[in-house]
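Heads up, the thing below is written out as C-alpha cells.
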Amino acid sequence: MNPFEFHNPVRIVFGPGEVARVGALAAKEGTRALIVSYADVSCLGGLIDRIHAALAAAGLAYADHFAATPNPLLSQAEAGVARGRAFGADLVIGVGGGSAMDLAKLVAAGLRYPHPLARMIRFSHADDAQIPPTEALPTLMVPTLPATASEMNPTAVVTDDATLRKSYVWAPDCLYPRVAILDPTLTLSLPPFQTACGAIDAISHVVEPFVFSDAATYGNTDLQDQLQLGVIRALLANLPKVLADPGDVQLRGLMQFGATVGLNGWLTCGVQGWTPMHQMGHVLSSHFRATHGATLACMMLAWMRFFADDPRNARFRRLAREIWGTDDLTAAADRFEDYIARQGVPTRISAFGCSEKDLDALTQGVVDVSFGPDGRLASIPPVTREEVRAIYARAL
Ligand SMILES: [Fe+2]
689 MNPFEFHNPV RIVFGPGEVA RVGALAAKEG TRALIVSYAD VSCLGGLIDR
739 IHAALAAAGL AYADHFAATP NPLLSQAEAG VARGRAFGAD LVIGVGGGSA
789 MDLAKLVAAG LRYPHPLARM IRFSHADDAQ IPPTEALPTL MVPTLPATAS
839 EMNPTAVVTD DATLRKSYVW APDCLYPRVA ILDPTLTLSL PPFQTACGAI
889 DAISHVVEPF VFSDAATYGN TDLQDQLQLG VIRALLANLP KVLADPGDVQ
939 LRGLMQFGAT VGLNGWLTCG VQGWTPMHQM GHVLSSHFRA THGATLACMM
989 LAWMRFFADD PRNARFRRLA REIWGTDDLT AAADRFEDYI ARQGVPTRIS
1039 AFGCSEKDLD ALTQGVVDVS FGPDGRLASI PPVTREEVRA IYARAL
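Just so we're aligned, residue 689 is where the sequence shown starts under my numbering, counting upward by one.
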C-alpha cells in the first residue's frame, strides 16, 4: 500500500431508536439549526415532526430548507444558503439520503464561503477553476437511505442547473459531518427499489477501488483486498434477505453500516483508486434523471463486458473469481446481471430512455467534467473518448 493519512472525525451513533437523541446531540453543536431535506418530506413519515420536537425540547431554534431532489441542484444549495443566512443558522442538519445530506453540506459550506457557490464545485477536471471551501458550519446527519456514506465522508455531489454537469466538492478540512445518527428503524419503510439501488451504489463504492488499485501502482494490497471483498460479499448476500424481510431491523442495520463503511475512507487507505464508473454514471443521472445506484449497476456490467479480454483488466478478473467463481468476465457479468435484475434494478441504460442517438452527448458530458489534462478518463486502463462511447454503447 502507498503512504496515506487518515482522519475521519465523524461521531457515529448507531442503533434502533437512537434518533431520539437528535436534540441532545444537536445542542452540543449549535443553537439555531437549519434542517435540510427533500422537497417532499412526506416520504419520511413523521420524522421531521419528531426532529422539530426534539430540537425544541433541547432549546434549539430551527428553520427548514426542504428542497432536495434526487441529484440535487446548485440552485437548491444557493437557496439554502440564503435561507440559512436569513435565519442566522449556526448548525445544519441533513435528513434523508445522499441528495439531502450532500445538499446540507453544500449549504453548510456555502454559509462560510466568500465566492459564488459554483466556484466551490469541481465542474471540470481538465480546466479546474475550483476554489474548495475551507470552512463550513457544523453538520449533523440523520441518514434514511443507506447508500452514499455521505454521513461519514467529506464529499458532496451536485448538478449545475444550467449545464447539467454533475460533479462534486471534496473538502476533508471542513465537510466531514460532526455527528451521524445511524438509526436503522428509519430505513424500515424504504421501498424495495430505493433499498436495492442504495445497496448497488454501496457495492460499487467498494468494487471501484478494488478493480482500480493495481499492484503496479499500489504494491501489496492484500489487507485492503480482503476488507473490500468482505464488505462486497456481505452486501451482496444480505440485499436479497432484506428485500424479502424489509422489517428486519438487524438486516437493515447491516445494510446501513455496510454502506457507511463502503465509502468512509477506511477501505481505501493506501489504495486511493479511481472512480470512472461513477463519472460515467453521473452523466446518465444528469441527462436522464436516472437513479444513481441503477446507473452504477449498468456501468459495472458494461465495464466487465467491454474489458473482458483486456489483459490490463486483471483486477476485475480477480474480483470475478472471488465473487462469481469464474475468471471469465463475460460469464461473471451474466451472473451479476441476473443477480441485479432479481433485486429489481435496471441493468441497461435503455431503461432510462437512453438510445444510440444519445451516446455522443453522454460521451461529451464525461469529457467535459471528468477527463483530465491528458485527454482521458482516469482509470486502469485510462479510457479514451472513443472507449467511453463504446462502454455506453455496451450498456444499451
Ligand atoms: Fe455512488
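No residue lacks a Cβ here, since even glycine has one placed at the ideal position from N, Cα and C.
Predicted model, so just to flag it, every value in this text is computed and none were measured.
TODO: Count the other C-beta atoms from every protein chain shown that fall within 10 angstroms of the C-beta of Gln914, then say buried if there are 16 or more, exposed otherwise.
DONE: Position 226 of the sequence shown holds residue 914. Exposed, since its Cβ has fewer than 16 Cβ neighbours within 10 Å.
TODO: For Ile819, count neighbouring C-beta atoms within 10 Å of its own C-beta (all shown protein chains included) and say buried if the count is 16 or more, exposed if not.
DONE: As a working mapping, residue 819 is identified with position 131 in the sequence shown. The residue is exposed, with fewer than 16 neighbouring Cβ atoms inside 10 Å.
Open item on the list: Looking at the secondary structure, which residues open and close the beta strand (DSSP E) in which Gly779 lies?
Closed with: By 1-based counting over the sequence shown, the position of residue 779 is 91. In the sequence under discussion, the amino acid at residue 779 is Leu, which differs from the Gly named in the question. Residues 779-784.
Open item on the list: Quick check on this structure: which residue in Ala721, Ala814, Met829 has the alpha carbon closest to the alpha carbon of Arg866?
Closed with: Walking along the sequence shown from the start, residue 866 turns up at place 178. The option with the nearest alpha carbon to Arg866 is Met829.
Open item on the list: If distances are taken between C-alpha atoms only, which option among Val1054, Ser838, Gln764, Ala744 comes closest to Ala714?
Closed with: Numbered from 1 along the sequence shown, position 26 holds the residue referred to as residue 714. Selected option, being the one with the closest Cα: Ala744.
Open item on the list: Considering only heavy atoms of ligand 2, does any lie closer than 6 Å to the CB of Asp889?
Closed with: Ligand 2 is absent from the structure shown, which contains only ligand 1.
Task: Alpha-carbon spacing of Ala853 relative to Thr983, whole angstroms - done: For this step, residue 853 is matched to residue 165 along the sequence shown. For this step, residue 983 is matched to residue 295 along the sequence shown. It should be pointed out that residue 853 corresponds to Arg in this sequence rather than to Ala. Answer to the nearest angstrom: the Cα atoms are 16 Å apart.
- [ ] Could you pull out every unbroken alpha helix (DSSP H) segment of at least 4 residues lying fully inside the region 857-925, listed in chain order?
- [x] With a minimum length of 4 residues, the continuous alpha helix (DSSP H) runs that stay inside the region 857-925 are 880-899, 903-906.
Task: Under the three-state DSSP convention, the category Tyr750 falls into - done: Counting from 1 along the sequence shown, the entry for residue 750 is found at position 62. DSSP places Tyr750 in strand when its eight states are reduced to three.
TODO: Report all residues from its chain with a CB closer than 6 Å to the CB of Gln912; omit the five preceding and five following residues, and keep chain order.
DONE: To locate residue 912, count along the sequence shown from 1; it is residue 224. Correct list, in chain order: Val959.
Task: Cβ-Cβ separation, Pro760 to Asp790 (assumed contact under 8 Å), whole Å - done: What you label residue 790 is simply residue 102 of the sequence shown in a count that begins at 1. What you label residue 760 is simply residue 72 of the sequence shown in a count that begins at 1. Rounded, the Cβ-Cβ distance is 6 Å, consistent with contact.
Task: Same chain, Cβ closer than 6 Å to Gly784, five either side skipped, listed in chain order - done: Your numbering for residue 784 matches position 96 in the sequence shown. Closer than 6 Å at Cβ, skipping near neighbours: Ser725, Tyr726, Thr832.
TODO: Could you tell me whether the region 802-817 touches the region 922-940, where touching means 3 or more Cβ pairs closer than 8 Å?
DONE: no
Task: Rounded Cβ spacing between Val1071 and Arg1077 (contact assumed at less than 8 Å) - done: Translated into positions along the sequence shown, residue 1071 becomes position 383. Translated into positions along the sequence shown, residue 1077 becomes position 389. No, Val1071 and Arg1077 are not in contact; Cβ-Cβ is about 10 Å, not under 8 Å.
Open item on the list: Quick check: what's the CA-CA separation for Leu874 versus Gly941?
Closed with: Residue mapping note: residue 874 aligns to position 186 of the sequence shown, counting from 1. Residue mapping note: residue 941 aligns to position 253 of the sequence shown, counting from 1. Near 10 Å, if we compare the C-alpha coordinates of Gly941 and Leu874.
Open item on the list: Looking at Phe694: is its Cβ nearer than 7 Å to the Cβ of Cys957?
Closed with: Here residue 694 is taken as the residue at index 6 of the sequence shown, counted from 1. Here residue 957 is taken as the residue at index 269 of the sequence shown, counted from 1. For Phe694 and Cys957, yes; Cβs fall inside 7 Å.
Open item on the list: Whole angstroms are fine: how far does the CA of Gln916 sit from the CA of Ala884?
Closed with: Residue mapping note: residue 884 aligns to position 196 of the sequence shown, counting from 1. Residue mapping note: residue 916 aligns to position 228 of the sequence shown, counting from 1. In a straight line, the C-alpha of Ala884 is about 19 Å away from that of Gln916.
- [ ] Could you say which of Arg921, Leu794, Asp871 lies nearest to Ala859 if we only look at CA atoms?
- [x] In the sequence shown, counting from the first residue as 1, residue 859 sits at position 171. Here the closest residue by C-alpha is Leu794.
- [ ] Using the DSSP secondary-structure output, state which residues sit across from Ile723 in a beta bridge.
- [x] Translated into the one-based positions of the sequence shown, residue 723 becomes position 35. Beta-bridge pairing links Ile723 to Asp752, Ile781.
TODO: Could you say which of Pro1069, Arg699, His803 lies nearest to Gly766 if we only look at CA atoms?
DONE: The sequence position of residue 766 within the sequence shown is 78, counting from 1. Reading off the sequence, residue 766 comes out as Glu, not Gly. If we check each option's Cα against that of Glu766, His803 comes out closest.
Task: Lys929 (DSSP reduced to helix, strand or coil) - done: Residue mapping note: residue 929 aligns to position 241 of the sequence shown, counting from 1. DSSP places Lys929 in helix when its eight states are reduced to three.
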